[in-house]
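Q: Per my numbering, the very first residue in the sequence shown carries number 77; after that it's consecutive.
Glycine included, each C-beta is placed from N, C-alpha and C at the ideal position.
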Amino acid sequence: QVQLVESGGGLVQPGGSLTLSCAASGSIFSINVMGWYRQAPGKERELVARITSDDSANYADSVKGRFTISRDNAKNTMYLQMSSLNPEDTSVYYCYARNIFGMGYWGKGTLVTVSS
């Protein structure tokens, strides 16, 4: 089992920045992919960014150049640095992890609201 806990969400003004964190615990040795998803009201959950165990990262087109995903293996924590935020980025952001056996795990989410 893997437990994921997100933090760092909140209210930010358009053009502002925010960094989300995802702390992983449990059977983390088996994790090979981690990522951030988001879901806005009335919309489907979508991939924001993902990072593999060799630090290869992929981003949704909508966040390329604005968001950066990273991981600190020593702290068992993944981050999402978000900049140039706009109201369309308002969503609940979820941390996701998948292990080498193909099992996926989700955090409970953290709300990011971009508004003036």
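1) Between the Cα of ALA150 and the Cα atoms of GLN89, ASP165, SER160, SER101, which residue gives the shortest distance?
2) To the nearest angstrom, how far is the alpha carbon of LYS184 from that of GLU82?
3) Have a look at MET179 and GLN77 and give me their C-alpha separation to the nearest angstrom.
4) Looking at the secondary structure, which residues open and close the beta strand (DSSP E) in which LEU80 lies?
5) What residue range does the beta strand (DSSP E) around ILE104 cover?
6) Take ARG126 as the anchor and find which of TYR135, LYS119, GLU120 has the nearest alpha-carbon.
7) Taking Cβ positions, are VAL190 and ARG114 nearer each other than 8 Å?
8) Let me check understanding here. Comparing Cα to Cα, which of PHE105, MET158, ALA99, GLU120 lies closest to GLY91?
9) Return the residue from the list LEU94, LYS140, SER129 that minimises the CA-CA distance to LEU123.
A: Straight from the coordinates:
1) Residue numbering aside, residue 150 sits at position 74 when the sequence shown is read from its first letter. ALA150 has its Cα closest to that of SER101, out of GLN89, ASP165, SER160, SER101.
2) Position 108 of the sequence shown holds residue 184. Position 6 of the sequence shown holds residue 82. Cα atoms of LYS184 and GLU82: separation of roughly 7 Å, rounded to the nearest angstrom.
3) Locating residue 179 in the sequence shown gives position 103, where the first residue counts as 1. Locating residue 77 in the sequence shown gives position 1, where the first residue counts as 1. Per the coordinates, the alpha-carbon of MET179 lies some 9 Å from the alpha-carbon of GLN77.
4) Residue mapping note: residue 80 aligns to position 4 of the sequence shown, counting from 1. First-last of the beta strand (DSSP E) with LEU80: 78–83.
5) Counted from its first residue, the sequence shown places residue 104 at position 28. No beta strand (DSSP E) holds ILE104; DSSP gives it neither H nor E.
6) Along the sequence shown, read from residue 1 onward, the residue named residue 126 stands at position 50. Considering only alpha carbons, the answer is TYR135.
7) Numbered from its first residue, the sequence shown carries residue 190 at position 114. Numbered from its first residue, the sequence shown carries residue 114 at position 38. Taking 8 Å as the Cβ cut-off, VAL190 and ARG114 do not qualify as a contacting pair.
8) Position 15 of the sequence shown, counted from the first residue, corresponds to residue 91. The residue with the shortest Cα to Cα distance from GLY91 is MET158.
9) To locate residue 123, count along the sequence shown from 1; it is residue 47. Of LEU94, LYS140, SER129, the residue nearest in Cα terms is LYS140.
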